[in-house]
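Here the structure is laid out as structure tokens; the discussion comes afterwards.
Numbering (our numbering), first residue to last: 3 to 113.
As structure tokens, then:
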């Protein structure tokens with residue numbers, strides 16, 4: 003039984019030795035993250051709002067342009083539908099006018 007306790011003690015020491023580099027890297031990563039968060043918060047607090055103001059302005063202009071484009075597309079679609087309907091009506095009239103002309107020609111030819 004004493005050997006089991008000794009062997010588990012040595013295996014836990016081995017495990018700690020294996021995990022030691024991972025703990026060190028995790029600690030270093032946490033330190034770097036803390037420094038980055040501090041840097042980020044200091045740049046936000048430093049009043050460097052000019053670029054973000056410009057970005058917001060550009061986003062607003064982009065949204066306005068998108069809305070205008072959507073309106074233009076809708077208007078163009080309606081106009082195209084109206085033109086297609088008018089074209090169909092005119093083609094219908096042409097067909098009937100041509101038919102009436104042929105009937106008139108055939109009546110004249112038969113006299």
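Using N, Cα and C, we set each Cβ at its ideal position, and we do this for glycine too.
| Asked | Found |
| --- | --- |
| To the nearest angstrom, how far is it from the Cα of residue 105 to the Cα of residue 112? | 11 Å |
| Using beta carbons (cut-off 8 Å, strictly below), is residue 95 in contact with chain C? | Chain labels in this structure do not include chain C; a single protein chain is all it has. |
| Roughly how many angstroms separate the alpha carbons of residue 29 and residue 44, rounded to a whole number? | 23 Å |
| Would DSSP call residue 113 helix, strand or coil? | coil |
| At the level of alpha carbons, what is the spacing between residue 89 and residue 54? | 52 Å |
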